[in-house]
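These notes are about the structure you will find just below.
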Amino acid sequence: MSTQFAIDNTKRILHISEVERGLGCDCYCLVCNERMVAKKGPERDHHFAHESNKQECITNHETLLHKFAKRVIKESGGLAVPEHTGMPLPYWFLFDRVEEEMRIGTIRHGSVIPDLIGYNGNASILIEVAYSSFADDAKIQKLEVLGLRALEINLRCYDPENFVVEAAKEAILNNLSTKKWLFAPTEKQRSYTEEKLVIKGIWVFLRYLPWGDLAIRVGAFNPEVNAIVKDIAKRYWGRWNPTYKNWIIPNRWIEQARNDVLAVADAA
Ligand SMILES: [Zn+2]
Numbered sequence: 003m004s005t006q007f008a009i010d011n012t013k014r015i016l017h018i019s020e021v022e023r024g025l026g027c028d029c030y031c032l033v034c035n036e037r038m039v040a041k042k043g044p045e046r047d048h049h050f051a052h053e054s055n056k057q058e059c060i061t062n063h064e065t066l067l068h069k070f071a072k073r074v075i076k077e078s079g080g081l082a083v084p085e086h087t088g089m090p091l092p093y094w095f096l097f098d099r100v101e102e103e104m105r106i107g108t109i110r111h112g113s114v115i116p117d118l119i120g121y122n123g124n125a126s127i128l129i130e131v132a133y134s135s136f137a138d139d140a141k142i143q144k145l146e147v148l149g150l151r152a153l154e155i156n157l158r159c160y161d162p163e164n165f166v167v168e169a170a171k172e173a174i175l176n177n178l179s180t181k182k183w184l185f186a187p188t189e190k191q192r193s194y195t196e197e198k199l200v201i202k203g204i205w206v207f208l209r210y211l212p213w214g215d216l217a218i219r220v221g222a223f224n225p226e227v228n229a230i231v232k233d234i235a236k237r238y239w240g241r242w243n244p245t246y247k248n249w250i251i252p253n254r255w256i257e258q259a260r261n262d263v264l265a266v267a268d269a270a
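The numbering of the sequence shown is this note's numbering, which starts it at 3 and goes up by one.
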């Protein structure tokens, strides 16, 4: 199998059909980062080759499709999604930011690492890009328990031999037939609106505020735990709210702050 994808100097993944031929493509190997030549002759299949002409690095098509889908979704700033409970028609879910491979979940119910998470304010969609491996029942159950809205995009037809950029983009962004909800709760079912965990024996409360910020409150006076929480809050531009005696973490950073809190929490 020849190499059909490479990255440019901004790490943007590109298909061979999107670049000019030769070294002018200014592309690099996804695996070893060597400069690549775009071989686009009149006869042979178009592909990338290492500048040194060494053997191709081993890549997995599923991984490449993940990266391609991430690029396309990030660049479009949203995608069309099928209808679900509470939403009788398909709609365009607009993202104000997209995070890659971030762990999300709760201590009590475990966590998942979706390929992408698209956010719009405090609403989010987990996106799984599937080519050869699809979400199993165990994963779907976990999403239900966590109350996480998750979409799977089926790119099974987009094998290396039949990869056409515009068709793949269409499948990722506009088609509905390639997509299915693994789980789609109503907003009320989101189970992590409030989370309670323990740090060094002290309750700590995480509250997701309606406008998307996160409030972190230590349940009892404890200088050591207060210092830990303050440290995390400061790391993500948290501000102290003296009225409620909690730290408010801005929307942009809530998942990172939450992950850091989870990392120091006592095992459940
Ligand atoms: Zn390489």
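Where a beta carbon is used, it is the ideal one built from N, C-alpha and C, also for glycine.
Option in A71, K13, A265 with minimal Cα separation from V167: As a first step, residue 167 is located in the sequence shown; it is residue number 165 there, counting from the start. If we check each option's Cα against that of V167, A71 comes out closest.
Is the segment 166-185 touching the segment 236-247 in the sense that three or more CB pairs, one from each, lie closer than 8 Å? Here the segment 236-247 makes no contact with the segment 166-185; the two share fewer than three CB pairs at distances below 8 Å.
Following the continuous beta strand (DSSP E) through E154, name the residue where it begins and the one where it ends. The residue labelled residue 154 in the question sits at position 152 within the sequence shown. Looking at the DSSP string, the run of the beta strand (DSSP E) that includes E154 is 152-156.
Could you check how far apart the C-beta atoms of Y93 and V83 are, in whole angstroms? I think they sit under 8 Å. Counting from one through the sequence shown, the residue named residue 93 turns up at place 91. Counting from one through the sequence shown, the residue named residue 83 turns up at place 81. With a Cβ gap of about 6 Å, Y93 and V83 count as contacting.
Buried or exposed: which applies to Y69, given that a residue is buried once 16 or more other Cβ atoms fall within 10 Å of its Cβ? Residue mapping note: residue 69 aligns to position 67 of the sequence shown, counting from 1. Per the sequence shown, the amino acid found at residue 69 is Lys instead of Tyr. Label assigned to K69: buried.
Ignore the nearest five residues each way along the sequence and tell me which others in I142's own chain have a CB closer than 7 Å to its CB. The residue labelled residue 142 in the question sits at position 140 within the sequence shown. Excluding positions up to five away in sequence, the list reads L184, F185.
Does the segment 142-153 come close enough to the segment 222-237 to have 3 or more Cβ pairs within less than 8 Å? Short answer: they don't touch.
Along the chain, where does the alpha helix (DSSP H) containing H17 start, and where does it finish? For the purposes of this step, residue 17 is identified with residue 15 of the sequence shown, where counting begins at 1. From DSSP, H17 is part of no alpha helix (DSSP H) but of the beta strand (DSSP E) over 15-17.
Does the beta-carbon of C29, which I'm using as the reference point, lie nearer than 7 Å to any heavy atom of ligand 1? Looking up residue 29 in the sequence shown gives position 27. No - ligand 1 has no heavy atom lying nearer than 7 Å to the Cβ of C29.
Tell me whether the beta-carbon of H52 lies closer than 8 Å to the beta-carbon of C31. The residue given as residue 52 occupies position 50 in the sequence shown. The residue given as residue 31 occupies position 29 in the sequence shown. Cβ distance < 8 Å, so H52 and C31 count as in contact.
I'd like to confirm the pairing. Which residues does DSSP put opposite Y133 in its beta bridges? On the sequence shown, residue 133 is found 131 positions in, with the first residue counted as 1. Listed as beta-bridge partners of Y133 by DSSP are no residues whatsoever.
Can you tell me the Cβ-Cβ gap for L211 and R260, rounded? I've got them flagged as a contact below 8 Å. The residue given as residue 211 occupies position 209 in the sequence shown. The residue given as residue 260 occupies position 258 in the sequence shown. Contact doesn't hold; Cβ gap of about 13 Å is too wide.
Do H63 and I18 have their C-beta atoms closer together than 8 Å? Translated into the one-based positions of the sequence shown, residue 63 becomes position 61. Translated into the one-based positions of the sequence shown, residue 18 becomes position 16. Against a cut-off of 8 Å, the Cβ pair of I18 and H63 comes out as no contact.
Alpha carbon to alpha carbon, what distance is there between N243 and N228? In the sequence shown, counting from the first residue as 1, residue 228 sits at position 226. In the sequence shown, counting from the first residue as 1, residue 243 sits at position 241. Approximately 14 Å between the Cα atoms of the pair.
Going by DSSP, what residue range makes up the alpha helix (DSSP H) through L264? On the sequence shown, residue 264 is found 262 positions in, with the first residue counted as 1. Its alpha helix (DSSP H) spans residues 256-266.
Collapsed DSSP secondary structure at V74 in the structure displayed: As a working mapping, residue 74 is identified with position 72 in the sequence shown. Correct three-state label for V74: helix.
Of the residues I119, E172, E154, I204, the one placed nearest I256, counting alpha carbons only: As a working mapping, residue 256 is identified with position 254 in the sequence shown. Closest option to I256, Cα to Cα, is I119.
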